[in-house]
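So the structure is just underneath, and the comments pick up after that.
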Amino acid sequence: MLRCNIFSKRLGARFYTVVGSDSLPGGKVNWGHEGHNVDKRNIGSLDRKKQTFSDRSQLKYARRLVVKLGSAVITREDGNGLALGRLASIVEQVAECHHEGRECIMVTSGAVAFGRQKLTQELLMSLSMRETLSPSDHTREDAGSILDPRAAAAVGQSELMSMYDVMFSQYNVKIAQVLVTKPDFYNEETRKNLFTTLSELISLNIVPIVNTNDAVSPPMYIHDDTVVPGTGKKGIGIKDNDSLSALLAAEVQSDLLIMMSDVDGIYNKPPWEDGARMMHTYTSAEKVQFGQKSKVGTGGMDSKVNAATWAMARGVSVVICNGMQEKAIKTIISGRKVGTFFTDTPSVSTASVDVMAENARTGSRVLQKLSPAERAAAIHSLADLLLDKKDKILEANAKDLEEATKTGLEKPLLNRLSLSPGKLKTLSIGLKQIADSSYDNVGRVLRKTKLAENLLLKQVTVPIGVLLVIFESRPDSLPQVAALAMASGNGLLLKGGKEAAYSNRALMEIVKESLQPFGASDAVSLVSTRDEISDLLAMEKHIDLIIPRGSSELVRNIQKQSQHIPVLGHAEGICHVYLDKDADPSKALKIVRDAKCDYPAACNAMETLLIHEDHLSGTLFQDICNMLKQEGVKIHAGPKLASQLTFGPPPARTMKYEYGDLECSIEVVKDLDEAIDHIHKFGSSHTDVIVTENDHTARDFLNTVDSACVFHNVSSRFADGFRFGLGAEVGISTARIHARGPVGVEGLLTTKWILEGTDHTAAEFNEGKRNWLHEKLPIN
Numbered sequence: 001m002l003r004c005n006i007f008s009k010r011l012g013a014r015f016y017t018v019v020g021s022d023s024l025p026g027g028k029v030n031w032g033h034e035g036h037n038v039d040k041r042n043i044g045s046l047d048r049k050k051q052t053f054s055d056r057s058q059l060k061y062a063r064r065l066v067v068k069l070g071s072a073v074i075t076r077e078d079g080n081g082l083a084l085g086r087l088a089s090i091v092e093q094v095a096e097c098h099h100e101g102r103e104c105i106m107v108t109s110g111a112v113a114f115g116r117q118k119l120t121q122e123l124l125m126s127l128s129m130r131e132t133l134s135p136s137d138h139t140r141e142d143a144g145s146i147l148d149p150r151a152a153a154a155v156g157q158s159e160l161m162s163m164y165d166v167m168f169s170q171y172n173v174k175i176a177q178v179l180v181t182k183p184d185f186y187n188e189e190t191r192k193n194l195f196t197t198l199s200e201l202i203s204l205n206i207v208p209i210v211n212t213n214d215a216v217s218p219p220m221y222i223h224d225d226t227v228v229p230g231t232g233k234k235g236i237g238i239k240d241n242d243s244l245s246a247l248l249a250a251e252v253q254s255d256l257l258i259m260m261s262d263v264d265g266i267y268n269k270p271p272w273e274d275g276a277r278m279m280h281t282y283t284s285a286e287k288v289q290f291g292q293k294s295k296v297g298t299g300g301m302d303s304k305v306n307a308a309t310w311a312m313a314r315g316v317s318v319v320i321c322n323g324m325q326e327k328a329i330k331t332i333i334s335g336r337k338v339g340t341f342f343t344d345t346p347s348v349s350t351a352s353v354d355v356m357a358e359n360a361r362t363g364s365r366v367l368q369k370l371s372p373a374e375r376a377a378a379i380h381s382l383a384d385l386l387l388d389k390k391d392k393i394l395e396a397n398a399k400d401l402e403e404a405t406k407t408g409l410e411k412p413l414l415n416r417l418s419l420s421p422g423k424l425k426t427l428s429i430g431l432k433q434i435a436d437s438s439y440d441n442v443g444r445v446l447r448k449t450k451l452a453e454n455l456l457l458k459q460v461t462v463p464i465g466v467l468l469v470i471f472e473s474r475p476d477s478l479p480q481v482a483a484l485a486m487a488s489g490n491g492l493l494l495k496g497g498k499e500a501a502y503s504n505r506a507l508m509e510i511v512k513e514s515l516q517p518f519g520a521s522d523a524v525s526l527v528s529t530r531d532e533i534s535d536l537l538a539m540e541k542h543i544d545l546i547i548p549r550g551s552s553e554l555v556r557n558i559q560k561q562s563q564h565i566p567v568l569g570h571a572e573g574i575c576h577v578y579l580d581k582d583a584d585p586s587k588a589l590k591i592v593r594d595a596k597c598d599y600p601a602a603c604n605a606m607e608t609l610l611i612h613e614d615h616l617s618g619t620l621f622q623d624i625c626n627m628l629k630q631e632g633v634k635i636h637a638g639p640k641l642a643s644q645l646t647f648g649p650p651p652a653r654t655m656k657y658e659y660g661d662l663e664c665s666i667e668v669v670k671d672l673d674e675a676i677d678h679i680h681k682f683g684s685s686h687t688d689v690i691v692t693e694n695d696h697t698a699r700d701f702l703n704t705v706d707s708a709c710v711f712h713n714v715s716s717r718f719a720d721g722f723r724f725g726l727g728a729e730v731g732i733s734t735a736r737i738h739a740r741g742p743v744g745v746e747g748l749l750t751t752k753w754i755l756e757g758t759d760h761t762a763a764e765f766n767e768g769k770r771n772w773l774h775e776k777l778p779i780n
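For the sequence shown, the residue numbers in the working numbering are 1 to 780.
Pasting the structure below:
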């Protein structure tokens, strides 16, 4: 267990904390901003202005942490006591932070609310007894109004601290109660004493739990222009625990203040109103319309924002979040997009992902309104720009390749990252194919039915909505996917890998340029912020379909994390080539060489070669092995093949493996059925091939193998949108619902029903006044 070595020393009116270098893994912390890479920090002074963290990813470096719990977090929704399960989770997270070496201070509400609940129950029992002797009209509301909040605070505070003591003791964490009143901050002597106490508690590895002493002092409504004695600086008006936590965080020079409430964060207007938008990042320039205060505590959203901005102006990063969210504290510190992050130095000036997604939705509707000819013109423009601006694109790509080489990017990924004049020319041709085939996509009538006289029903194609495409290494994916989105009228968010950052930006510029004349430049955007993929996957309000393109690990992780947004794609490309007993040897050699060696990193490359057992006694098996060795392919023997060879290739660790390189497995099978069984057991339903001159065997293979693509006497490398004549593909899907195989424009469309009548009502048919016809009509 790592501990934080902290020593406090009083130097005049200032207090310094010395932090040992073993306080967090990796030794001394790089704070990421000026003023945080030193070992001594001033406690008890408002003089020094330090920078806040500029990005959520830096929050993991927060050394000193203040956590404020609002009354709505502390108490149960039904008003009956404390929310023990929720508090237990928060205590566990604070304890974990403490054991990581972070200096934690808690500011807790709930004493008055908890005490009032407890005393109200006792008072109602007393009133009930009196009612028996002398009937009256007393109610629960009457009982609550009789209670003095100071008495409620006195009862609630002791109960609250008793509960905290029990919970923290389970994690071997000691706590201390610190009750404060107005003079503690605005009297020079008591203010010094307060922060001496806090400093000493922290140095002893004790977590201070701070609350206002409402048992002896009313709520501290202090004017914001009050001058703090001994500093000459204006303090914050302490009206509630929001302002108290902000003042404490600023005074002790906390790195991070987490204010936990009963809302997800700050909205630009009350969440229940139309147009309300969650603000994941807040700067002092933001404009917010506030709603009503919490039903439990004293502080509303305006109070929280005022307190947060005051602390932010003094160098404290602030996050306002929903304390009811599971593992909120640890999730925030990990850099995830939880709550509203307050900073005056955002690292990225681009629009937030939320705004991009909203713009993509609007842009999709603009694309949908365009004529087919206009959508095609935009794609033709993009295809031409790829060639007109190839020098700029290749220059950007060279920067990516240079940096990737320095960082040791693997060769297969370098190949995917690389662009060339030839690749750009092929891309341009493919985009023109998409443009030329996009005239009959959106709005195409699939079915037309005359339900009754003057009642016509049509089923037409429409865009899915907003797509999120996540891709690695391959910048050529960007214009391909953008063109498919244009043709299908979908909005598009693209999240590329950092290894292709320069290339992606250059390509996105020409995508925007091609859409600009049609007023749809917002329809496609590149997510270039540091937003975690997990945050994007939680945007089910904005994103309708996720399409991952990259490694099997990437795809599996996205499929696992996305709980509410459907994912289209394939996790693995375990493709088979089966050499039947009637295979032509020359064709077999040619097809196997292409399937494995043309582009071994592709998802449609052969990973397992199945050979009919008859070929082991002939020359084909030896010829295949010699050819693969000459191509530099490392061979692994399947279990059955290994059992038949005295000397041969090393055994394969598993038959269900995607090598993605110049490696493959070879297995022997006794007949067609065994080959098909092997494919169904170990394959990934991507692409599987039979090489045979027996048409009957080929037909059985094609009809029986349950894969997205099944081929006869051709290489598996043909499983590609461009080669299929789709122009390009947004990905290859092995799913059995919606699109399957290479996904072009049609795979990015769904349908809607359009019904046109005069004055028809369902009741008329029930009453026999109108009759059903259900007559199918020709589409054209």
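We treat Cβ as the ideally placed atom computed from N, Cα and C, and that holds for glycine.
None of the values given here were measured: they were computed from a predicted structure.
Going by DSSP in three states, Q170 sits in which element: helix, strand or coil?
As a first step, residue 170 is located in the sequence shown; it is residue number 170 there, counting from the start. Per DSSP, reduced to three states, the secondary structure at Q170 is coil, with no helix or strand assignment.
In angstroms with no decimal places, state the Cα-to-Cα distance between K40 and R102.
Residue 40 sits at position 40 when you count from the first residue of the sequence shown. Residue 102 sits at position 102 when you count from the first residue of the sequence shown. Note that K40 scores 34 on pLDDT, short of 50, meaning its location in the model is unreliable; the coordinates nonetheless yield the value given after this. Roughly 15 Å between the two C-alpha positions.
Taking DSSP as the reference, what is the three-state secondary structure of H680?
Position 680 of the sequence shown holds residue 680. Helix, per DSSP.
Taking the alpha carbon of Q325 as the reference point, which residue from M627, L69, L554 and I547 has its own alpha carbon closest?
Taking the sequence shown and counting its residues from 1, one reaches residue 325 at position 325. Closest option to Q325, Cα to Cα, is L69.
Considering F718, what are the terminal residues of the alpha helix (DSSP H) in which it resides?
Along the sequence shown, read from residue 1 onward, the residue named residue 718 stands at position 718. DSSP places F718 in no alpha helix (DSSP H); its state is neither H nor E.
For S428, report the span of its alpha helix (DSSP H) as first-last.
If you number the sequence shown from 1, residue 428 lands on position 428. First-last of the alpha helix (DSSP H) with S428: P421 to D436.
Just to confirm the assignment, what range does the alpha helix (DSSP H) spanning T196 have?
Taking the first residue of the sequence shown as position 1, residue 196 is located at position 196. Unbroken alpha helix (DSSP H) run through T196: E188 to S203.
For K587, collect the residues of the same chain with a Cβ closer than 7 Å to its Cβ; drop the 5 residues on either side in sequence, then sort them by chain order.
The residue labelled residue 587 in the question sits at position 587 within the sequence shown. By the criterion of a C-beta distance shorter than 7 Å, K587 is surrounded in its chain by V691 and N713, once the five residues flanking it on both sides are discounted.
Just to check my reading of the structure: R501 and L492 have Cβ atoms closer than 8 Å, yes? What is that Cβ distance to the nearest angstrom?
As a position in the sequence shown, residue 501 is number 501, starting the count at 1. As a position in the sequence shown, residue 492 is number 492, starting the count at 1. Reading off the sequence, residue 501 comes out as Ala, not Arg. Not quite, the Cβ-Cβ distance comes to about 18 Å (not below 8 Å), so this is no contact.
Given K60, which residues of its chain have a CB within under 8 Å of its CB, disregarding the five upstream and five downstream residues?
The residue labelled residue 60 in the question sits at position 60 within the sequence shown. Cβ neighbours of K60 beyond the five flanking positions: I333, S334 and G335.
My parser needs the beta strand (DSSP E) runs of 3 or more residues fully inside the region 308 to 372; what are they?
Fully enclosed beta strand (DSSP E) runs of no fewer than 3 residues occupy 317 to 322 and 340 to 342 of the region 308 to 372, in order along the chain.
Ignoring anything shorter than 4 residues or poking outside the region 442 to 495, list the alpha helix (DSSP H) runs there in chain order.
When DSSP assignments are scanned along the region 442 to 495, the uninterrupted stretches of alpha helix (DSSP H) that are 4 or more residues long and fall wholly within it turn out to be 477 to 488.
Quick one: what does DSSP say D706 is sitting in, helix, strand or coil?
Within the sequence shown, numbered from 1, the residue matching residue 706 stands at position 706. Under the three-state reduction of DSSP, D706 is assigned to coil, being neither helix nor strand.
DSSP three-state call for N241: helix, strand or coil?
Numbered from 1 along the sequence shown, position 241 holds the residue referred to as residue 241. Looking at N241 - three-state DSSP - the assignment turns out to be helix.
Please tell me whether R740 has its Cβ less than 8 Å away from any Cβ of chain D.
No chain D is present in this structure, which holds just one protein chain.
Taking C-alpha atoms, which residue in K425, C625 and V318 lies nearest to V338?
Position 338 of the sequence shown, counted from the first residue, corresponds to residue 338. Answer by Cα proximity: V318.
Where R549 sits in the DSSP three-state scheme:
For the purposes of this step, residue 549 is identified with residue 549 of the sequence shown, where counting begins at 1. Of the three classes helix, strand and coil, the one that applies to R549 here is strand, per DSSP.
In terms of alpha-carbon separation, which member of A675, D535, G156 and R277 lies closest to K581?
The residue you call residue 581 lines up with position 581 of the sequence shown. Nearest C-alpha to K581: A675.
Those residues which DSSP pairs with R64 across a bridge:
Sequence index remark: in the sequence shown, residue 64 carries index 64 (1-based). Answer is E103.
Nearest CA to the CA of S180: which residue from L641, E159, D240 and P475?
On the sequence shown, position 180 is the one that residue 180 refers to. Reading the sequence as shown, one finds Val at residue 180 and not Ser. Selected option, being the one with the closest Cα: D240.
DSSP-derived helix/strand/coil call for T108:
Sequence index remark: in the sequence shown, residue 108 carries index 108 (1-based). Strand at T108.
Once DSSP output is grouped into helix, strand and coil, what is the label at T405?
By 1-based counting over the sequence shown, the position of residue 405 is 405. In this structure, DSSP gives T405 a helical state, which the three-state scheme calls helix.
Grab me the residues of E693's own chain with a C-beta within less than 6 Å of its C-beta, minus the 5 sequence neighbours each way, in chain order.
Taking the sequence shown and counting its residues from 1, one reaches residue 693 at position 693. For E693, where only same-chain residues beyond five positions count, the Cβ hits under 6 Å are D582 and D584.
Could I get the ranges of all uninterrupted beta strand (DSSP E) runs contained in the region 720 to 749, with 3 residues as the minimum, in chain order?
The DSSP assignment places 731 to 733 and 741 to 743 as complete runs of the beta strand (DSSP E) inside the region 720 to 749, in order along the chain (cut-off: 3 residues).
When we look at the beta-carbon of R447 and count the other beta-carbons within 10 Å, is it buried (16 or more) or exposed?
Taking the first residue of the sequence shown as position 1, residue 447 is located at position 447. That one is exposed.
Out of G569, V592, F718 and R699, point me to the one whose CA is closest to S687's CA.
Position 687 of the sequence shown, counting from 1, holds the residue named residue 687. Correcting the residue type first, residue 687 is Thr in the shown sequence and not Ser. Relative to the Cα of T687, the nearest Cα in the group G569, V592, F718 and R699 belongs to F718.
For K369, is the classification buried or exposed, using 16 other Cβ atoms within 10 angstroms of its Cβ as the cut-off for buried?
What you label residue 369 is simply residue 369 of the sequence shown in a count that begins at 1. Flag for K369 reads exposed.
Return the residue from the list E453, A151 and C664 that minimises the CA-CA distance to E764.
Start at 1 with the first residue of the sequence shown, and residue 764 comes out as number 764. When E453, A151 and C664 are compared, the shortest CA-CA separation from E764 is found for E453.
Under a three-way DSSP split, which group does D688 fall into?
If you number the sequence shown from 1, residue 688 lands on position 688. In the three-state reduction of the DSSP assignment, D688 falls in the strand class.
Helix, strand or coil for C597 per DSSP?
Taking the sequence shown and counting its residues from 1, the one referred to as residue 597 is at position 597. Residue state, collapsed to three classes: helix.
Taking contact to mean 3 or more Cβ pairs, one atom from each stretch, closer than 8 Å, check whether the region 381 to 389 and the region 528 to 548 are in contact.
Between the region 381 to 389 and the region 528 to 548 there are fewer than three C-beta pairs closer than 8 Å, too few to call the two in contact.
Go ahead and pull the three-state DSSP assignment for I565.
For the purposes of this step, residue 565 is taken as the residue at position 565 of the sequence shown. Taken through DSSP and simplified to helix, strand or coil, I565 comes out as coil.
Strand pairing of T281, partner residues [DSSP]
Position 281 of the sequence shown holds residue 281. F341, per the DSSP bridge assignment.
How about A396 and K432: are their beta carbons less than 8 Å apart?
Numbered from 1 along the sequence shown, position 396 holds the residue referred to as residue 396. Numbered from 1 along the sequence shown, position 432 holds the residue referred to as residue 432. Contact check for A396 against K432 fails: the beta carbons are separated by 8 Å or more.
So what's F53 in DSSP terms, helix, strand or just coil?
Position 53 of the sequence shown holds residue 53. Note: F53 maps to coil in three-state DSSP.
Kindly give me the distance between the Cβ atoms of E667 and K629, rounded to whole angstroms, as I take these residues to be in contact under 8 Å.
Your numbering for residue 667 matches position 667 in the sequence shown. Your numbering for residue 629 matches position 629 in the sequence shown. Their Cβ separation, rounded to whole angstroms, is 18 Å, which puts E667 and K629 out of contact at 8 Å.
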